[in-house]
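Protein chains: 2
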Amino acid sequence: MKANRLIYLPLGGAGEIGMNAYVYGYGPEDKERLIVVDLGVTFPDMDTTPGVDLIMPDISWLEARKDRIEAIFITHAHEDHIGAVAHFWGRFKCPVYARRFTATIGRLKFDEHGHPKDAITVVEPRPAVVKAGPFDVQFVPVSHSIPESSALVIDSAAGRIVHSGDFKLDLQPLVGEPWDPEAFAAIAAERPVKALMCDSTNVFSRHPGRSESTLRAPLRDLIKAQRGMVVATTFASNVARLKTLAEAAQDADRTICLLGRAMRRMVTAAEQSGVLSGFPRTVSPEEAQDVPRGNLMLIVTGSQGERRAASAQLSRGKYLGLEMKEGDTFLFSSKTIPGNERGVISIMNAFSEMGVNIVDDNDGLYHVSGHANRPDLETVHKVLNPAIVIPMHGEHRHLREHARIALEAGRMTEVTTNGMMLDLTGDAPEVVEYIETGRSYLDGSVMVGARDGVIRNRIRMALNGHVLATLILDEADEPLGDAWVEISGLSEKGRTGAPLAETLEAELNALLEKTGRKVMADDDKLDEAVRRVIRQVAMEEIGKKPEVTVVVSRLSEG
Amino acid sequence: MKANRLIYLPLGGAGEIGMNAYVYGYGPEDKERLIVVDLGVTFPDMDTTPGVDLIMPDISWLEARKDRIEAIFITHAHEDHIGAVAHFWGRFKCPVYARRFTATIGRLKFDEHGHPKDAITVVEPRPAVVKAGPFDVQFVPVSHSIPESSALVIDSAAGRIVHSGDFKLDLQPLVGEPWDPEAFAAIAAERPVKALMCDSTNVFSRHPGRSESTLRAPLRDLIKAQRGMVVATTFASNVARLKTLAEAAQDADRTICLLGRAMRRMVTAAEQSGVLSGFPRTVSPEEAQDVPRGNLMLIVTGSQGERRAASAQLSRGKYLGLEMKEGDTFLFSSKTIPGNERGVISIMNAFSEMGVNIVDDNDGLYHVSGHANRPDLETVHKVLNPAIVIPMHGEHRHLREHARIALEAGRMTEVTTNGMMLDLTGDAPEVVEYIETGRSYLDGSVMVGARDGVIRNRIRMALNGHVLATLILDEADEPLGDAWVEISGLSEKGRTGAPLAETLEAELNALLEKTGRKVMADDDKLDEAVRRVIRQVAMEEIGKKPEVTVVVSRLSEG
Numbered sequence: 005m006k007a008n009r010l011i012y013l014p015l016g017g018a019g020e021i022g023m024n025a026y027v028y029g030y031g032p033e034d035k036e037r038l039i040v041v042d043l044g045v046t047f048p049d050m051d052t053t054p055g056v057d058l059i060m061p062d063i064s065w066l067e068a069r070k071d072r073i074e075a076i077f078i079t080h081a082h083e084d085h086i087g088a089v090a091h092f093w094g095r096f097k098c099p100v101y102a103r104r105f106t107a108t109i110g111r112l113k114f115d116e117h118g119h120p121k122d123a124i125t126v127v128e129p130r131p132a133v134v135k136a137g138p139f140d141v142q143f144v145p146v147s148h149s150i151p152e153s154s155a156l157v158i159d160s161a162a163g164r165i166v167h168s169g170d171f172k173l174d175l176q177p178l179v180g181e182p183w184d185p186e187a188f189a190a191i192a193a194e195r196p197v198k199a200l201m202c203d204s205t206n207v208f209s210r211h212p213g214r215s216e217s218t219l220r221a222p223l224r225d226l227i228k229a230q231r232g233m234v235v236a237t238t239f240a241s242n243v244a245r246l247k248t249l250a251e252a253a254q255d256a257d258r259t260i261c262l263l264g265r266a267m268r269r270m271v272t273a274a275e276q277s278g279v280l281s282g283f284p285r286t287v288s289p290e291e292a293q294d295v296p297r298g299n300l301m302l303i304v305t306g307s308q309g310e311r312r313a314a315s316a317q318l319s320r321g322k323y324l325g326l327e328m329k330e331g332d333t334f335l336f337s338s339k340t341i342p343g344n345e346r347g348v349i350s351i352m353n354a355f356s357e358m359g360v361n362i363v364d365d366n367d368g369l370y371h372v373s374g375h376a377n378r379p380d381l382e383t384v385h386k387v388l389n390p391a392i393v394i395p396m397h398g399e400h401r402h403l404r405e406h407a408r409i410a411l412e413a414g415r416m417t418e419v420t421t422n423g424m425m426l427d428l429t430g431d432a433p434e435v436v437e438y439i440e441t442g443r444s445y446l447d448g449s450v451m452v453g454a455r456d457g458v459i460r461n462r463i464r465m466a467l468n469g470h471v472l473a474t475l476i477l478d479e480a481d482e483p484l485g486d487a488w489v490e491i492s493g494l495s496e497k498g499r500t501g502a503p504l505a506e507t508l509e510a511e512l513n514a515l516l517e518k519t520g521r522k523v524m525a526d527d528d529k530l531d532e533a534v535r536r537v538i539r540q541v542a543m544e545e546i547g548k549k550p551e552v553t554v555v556v557s558r559l560s561e562g
Numbered sequence: 005m006k007a008n009r010l011i012y013l014p015l016g017g018a019g020e021i022g023m024n025a026y027v028y029g030y031g032p033e034d035k036e037r038l039i040v041v042d043l044g045v046t047f048p049d050m051d052t053t054p055g056v057d058l059i060m061p062d063i064s065w066l067e068a069r070k071d072r073i074e075a076i077f078i079t080h081a082h083e084d085h086i087g088a089v090a091h092f093w094g095r096f097k098c099p100v101y102a103r104r105f106t107a108t109i110g111r112l113k114f115d116e117h118g119h120p121k122d123a124i125t126v127v128e129p130r131p132a133v134v135k136a137g138p139f140d141v142q143f144v145p146v147s148h149s150i151p152e153s154s155a156l157v158i159d160s161a162a163g164r165i166v167h168s169g170d171f172k173l174d175l176q177p178l179v180g181e182p183w184d185p186e187a188f189a190a191i192a193a194e195r196p197v198k199a200l201m202c203d204s205t206n207v208f209s210r211h212p213g214r215s216e217s218t219l220r221a222p223l224r225d226l227i228k229a230q231r232g233m234v235v236a237t238t239f240a241s242n243v244a245r246l247k248t249l250a251e252a253a254q255d256a257d258r259t260i261c262l263l264g265r266a267m268r269r270m271v272t273a274a275e276q277s278g279v280l281s282g283f284p285r286t287v288s289p290e291e292a293q294d295v296p297r298g299n300l301m302l303i304v305t306g307s308q309g310e311r312r313a314a315s316a317q318l319s320r321g322k323y324l325g326l327e328m329k330e331g332d333t334f335l336f337s338s339k340t341i342p343g344n345e346r347g348v349i350s351i352m353n354a355f356s357e358m359g360v361n362i363v364d365d366n367d368g369l370y371h372v373s374g375h376a377n378r379p380d381l382e383t384v385h386k387v388l389n390p391a392i393v394i395p396m397h398g399e400h401r402h403l404r405e406h407a408r409i410a411l412e413a414g415r416m417t418e419v420t421t422n423g424m425m426l427d428l429t430g431d432a433p434e435v436v437e438y439i440e441t442g443r444s445y446l447d448g449s450v451m452v453g454a455r456d457g458v459i460r461n462r463i464r465m466a467l468n469g470h471v472l473a474t475l476i477l478d479e480a481d482e483p484l485g486d487a488w489v490e491i492s493g494l495s496e497k498g499r500t501g502a503p504l505a506e507t508l509e510a511e512l513n514a515l516l517e518k519t520g521r522k523v524m525a526d527d528d529k530l531d532e533a534v535r536r537v538i539r540q541v542a543m544e545e546i547g548k549k550p551e552v553t554v555v556v557s558r559l560s561e562g
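Here it is as structure tokens:
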């Protein structure tokens with residue numbers, strides 16, 4: 005019998021920020037009992053995933069081993085950690101563990117998918133222990149930009165692992181638990197930490213992170229100084245920020261209205277799970293219409309410029325009866341995530357055209373990050389004193405930088421990206437296998453593989469346009485009537501000024517006339533010949549090689 | 005007879021950063037003689053302009069008045085100022101004026117387009133005067149991130165206008181002329197400045213701008229400290245930066261190789277036009293292969309992550325025989341323009357995977373901007389002391405902020421965006437007309453209007469996928485054989501697991517069977533019915549409503 009081993013395998017989140025999915029296993033090789041930590045989504049963009057609704061990790065590896073999965077643990081309720089659980093749970097039907105607030109959000113999702121809500125078990129924080137096969141797992145409260153974020157202590161016969169989750173060192177997070185250095189020291193004192201899997205998001209930020217509580221005074225002063233309507237946007241899940249904004253509004257004698265489904269849902273979930281109390285009274289959009297602008301504050305979704313969120317809607321005009329006007333103020337209490345700049349800037353300019361004053365976080369007064377900066381990471385390394393640091397939750401450049409810091413402090417490390425399986429049994433981490441991983445897309449209501457070619461075809465149509473040619477042939481493989489061409493996403497006229505479709509049809513008819521019987525009788529050869537002519541003529545006429553679909557209908561077949 | 009008037013009309017660049025095109029006119033209403041200042045391009049993105057090659061201003065208004073155009077003046081050789089001149093010149097065939105370096109670049113473009121090179125006249129700086137109809141125009145040297153950038157003094161009977169062009173206040177720009185406050189004071193002393201049209205790019209930057217010369221020491225220190233190959237990227241047109249980088253390489257005993265056509269072209273043009281001398285010797289990529297890595301420095305194109313530029317090529321592997329390796333250093337001596345983050349980050353991560361050290365400008369050590377910051381703008385306002393400040397070269401939010409500053413200093417101003425015609429004859433600027441403006445796209449070799457629907461169709465295909473249905477009907481409007489469906493950019497299988505195309509075909513055949521003669525005989529109605537079924541079935545099967553092309557072939561017509 006083979007010896008037991010402890011393995012770590014990221015399926016998402018290691019080499020990207022988003023779509024977190026980490027697997028731990030313990031047992032004999034290829035018979036390890038597995039737990040999954042987080043199962044999140046990432047968001048599509050027009051450059052690489054046009055039309056896609058959500059991006060999730062490829063979990064084929066897990067599916068093929070589903071009988072070995074003991075449980076799924078969710079560290080917190082951000083979409084990049086919880087977003088795929090309800091989508092995939094039906095394939096595993098294993099227990100899911102989370103703290104109360106996270107479970108509340110998770111159960112809303114399970115309900116929408118028709119899964120039993122009680123599939124998610126609420127776990128109390130450490131010292132409570134969840135037994136999952138060979139693993140003992142504890143939830144350790146950490147501060148982050150959402151309530152009840154947790155690190156996990158994962159014990160097995162091969163040693164203690166700490167999985168940091170997303171965290172920052174906030175001594176006064178306003179909502180939720182502060183960073184507690186003693187609690188972390190106790191974890192290491194109780195049993196030495198073999199390995200720390202650690203958030204790398206802000207490894208390039210050189211200054212210690214700032215507390216959520218530092219925003220209170222600046223936000224209060226800002227909102228008090230405004231005369232028109234004030235509208236503020238932030239991440240819906242940042243419950244502490246919502247509370248700070250709402251309290252600042254209250255101080256300024258403003259009535260509060262939450263715009264956007266996600267925002268109302270988060271506040272309700274936070275109140276229901278007991279992490280939020282004393283949130284000022286809010287009014288509905290209908291009621292808000294009757295409040296004088298100078299006494300009104302909207303807190304709205306869409307800090308990243310999302311097209312359908314409240315911010316973007318307001319930038320296009322009236323939304324739920326509410327409208328921005330000259331002299332109003334729009335506050336981005338948020339940072340633009342790289343890649344979202346175009347959407348955010350377009351909203352800013354639309355507001356500028358309306359005469360709205362825009363306040364963003366260029367001065368660092370109205371937003372703080374939810375992730376640990378470099379000095380904070382170093383603090384956590386010191387407190388937990390792990391032999392090994394494995395960076396996670398970062399693009400490759402973040403992981404590499406984080407590994408460098410750990411190495412310089414004399415710890416072992418390995419830049420471990422999605423699909424790399426580490427054996428953590430021995431003294432040093434060892435890469436033992438490369439698993440084929442990737443992404444799968446939720447597209448409408450179906451899943452599409454990233455390598456299926458479906459999305460590649462969309463991108464090609466968007467870049468090159470599309471030509472469709474239909475030919476009808478009779479029993480003798482002779483054309484019945486003329487070739488018919490439809491173009492889509494291409495200039496209607498060519499450089500000669502003649503309609504492109506007609507030029508293509510004329511060239512195709514000329515081709516058919518001179519094409520021999522052998523080619524006419526062969527679907528593949530005929531398709532190839534038609535395609536070549538279309539691309540050649542299009543190149544001459546409009547300087548582009550379009551995507552081509554050829555439909556040859558043979559009436560003899562009917 | 006109507007009185008003469010002085011008009012200003014931006015056709016591009018006012019409400020965006022890019023695609024600059026400003027028109028000035030003097031004369032009786034609708035008979036003004038016109039000059040054009042700059043005619044630039046802007047660059048496409050996948051979100052709004054997939055597959056497009058270049059974006060240019062819609063110049064229909066100018067074309068309709070081409071007999072009234074006296075000349076085109078080009079302030080400097082950046083693509084957003086010069087890029088469309090060669091494309092459009094054939095429609096105007098008017099004189100083009102520029103300083104020597106700008107003319108050198110312009111003539112290369114004219115040559116490529118088959119235009120006569122001598123259509124561009126080289127102009128010496130002020131006090132030299134170009135007479136263009138009712139206008140006397142002088143080129144005033146300003147410092148910017150390209151050699152021989154110029155402001156224009158535009159005199160007419162209605163007063164003196166200064167058109168700032170792109171500029172910064174650099175006392176030691178290394179290449180080209182420094183900011184000369186006395187020369188600017190002299191302009192105002194000679195004749196009061198009625199209006200200043202002014203660059204707004206950096207109006208949100210609160211600190212005074214830094215000189216190009218401040219980069220010398222940090223770049224030299226950085227490059228000296230490296231052991232492996234050093235690769236630096238910056239804008240090809242930033243000749244001063246190229247020189248600083250090359251000299252730093254020389255100091256560190258490194259051989260220099262310029263990678264990327266634009267980079268070699270710029271250095272050659274700068275040498276030919278006399279603005280650059282003493283540039284260190286460079287070697288070809290072939291020669292560079294024989295130089296030890298520790299003694300080699302590449303200066304490459306692609307600071308904005310452009311897919312085909314040298315940076316991106318190197319991030320994908322070998323390029324022209326050269327390859328990045330572990331221990332090499334890649335320096336972004338540049339700032340990422342908002343919207344280009346995704347491309348730049350993807351290059352950074354690819355280099356990280358190779359073990360390459362990445363240095364960017366997060367610390368502000370290795371790049372300075374070419375535009376005047378807020379305090380610098382205020383300085384120029386004071387020195388020229390114009391009655392009116394019209395912000396240009398900015399998004400709406402920049403123009404608005406710039407106008408606010410001018411207003412606070414007691415000057416008149418008007419946020420003037422593309423298509424707004426100002427009458428500057430009287431004491432105060434007056435908006436007299438709104439011209440329909442927009443963008444036109446160079447797509448392959450043809451121009452496509454932004455509102456033609458061509459690009460909209462591409463975006464729709466990319467978001468929704470495409471279904472093509474072909475039907476053949478006989479003389480009696482009865483189907484000949486079955487309907488045929490091809491899908492593109494859509495999941496091959498629906499939620500039932502059956503092939504989507506087959507499900508669609510079956511539903512179409514069912515439709516055709518039950519469809520009455522009247523609809524079968526009517527192309528529009530039949531098209532509509534087919535389309536409806538396809539979208540409905542697709543929605544059920546895959547949760548998406550695709551774009552649909554229906555081809556009905558009626559053999560009776562043949």
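Chains as they are written, first to last, in our numbering: chain A, 5 to 562; chain B, 5 to 562. We put the CB at the ideal spot given by N, CA and C, even for glycine.
- Distance between B/Met270 and A/Ile491, taken at the CA atoms: about 40 Å.
- Beta-carbon to beta-carbon, A/Asp62 and A/Leu446 are separated by about 13 Å, too far to satisfy the 8 Å threshold.
- B/Arg268 is bridged by DSSP to nothing; it lacks a bridge partner.
- Residue range Thr333 to Phe336 is occupied by the beta strand (DSSP E) that includes A/Thr333.
- For the stretch 486-562 of chain A, the continuous alpha helix (DSSP H) assignments of 4+ residues that do not extend past its boundaries occur at 504-518, 521-524 and 527-546, in sequence order.
- Beta-bridge partners assigned by DSSP to A/Asn8: A/Pro32.
- Nearest neighbour of A/Trp183 by Cα position, chosen from A/Ile362, A/His375 and A/His406, turns out to be A/His375.
- Cβ neighbours of A/Gly343 within its own chain (closer than 7 Å, five residues either side excluded): Asp49.
- A/Val45 carries a coil assignment under DSSP once its states are collapsed to helix, strand and coil.
- Residue B/Met267 holds the alpha-carbon nearest to the alpha-carbon of B/Ala236 among B/Ser215, B/Ser217, B/Met267 and B/Thr218.
- Non-local C-beta neighbours of A/Gln230 in its own chain, meaning closer than 7 Å and more than five positions away in sequence, comprise Thr333, ordered along the chain.
- Along the stretch 464-493 of chain B, the positions whose C-beta sits under 7 Å from a C-beta of chain A are Met465, Ala466, Leu467, Asn468, Gly469, His470, Leu472, Thr474, Ile476, Leu484, Gly485, Trp488, Glu490, Ser492 and Gly493, read in chain order.
- Those residues of the stretch 369-400 of chain B placed with their C-beta closer than 7 Å to a C-beta in chain A are Glu399 and His400, ordered along the chain.
- Here the C-alpha atom of A/Tyr28 lies approximately 11 Å from the C-alpha atom of A/Phe77.
- CA-to-CA, the gap between A/Arg130 and A/Asp170 works out to about 17 Å.
- Taken through DSSP and simplified to helix, strand or coil, A/Thr429 comes out as coil.
- Boundaries of the alpha helix (DSSP H) around A/Val387: Arg378 to Leu388.
- A direct Cα-to-Cα measurement between B/Glu440 and B/Gly423 gives close to 6 Å.
- Using a Cβ-Cβ cut-off of 8 Å, B/Gly423 does not count as an interface residue toward chain A, since no Cβ of chain A sits closer than that to its own.
- DSSP places A/Val179 in the coil class of the three-state scheme, outside both helix and strand.
- Only residues of its own chain outside the window of five on either side were considered, and among them none has a CB closer than 6 Å to the CB of A/Ile349.
- Of all alpha-carbon atoms in B/Leu300, B/Glu405 and B/Asp431, the one lying nearest the alpha-carbon of B/Thr420 is that of B/Glu405.
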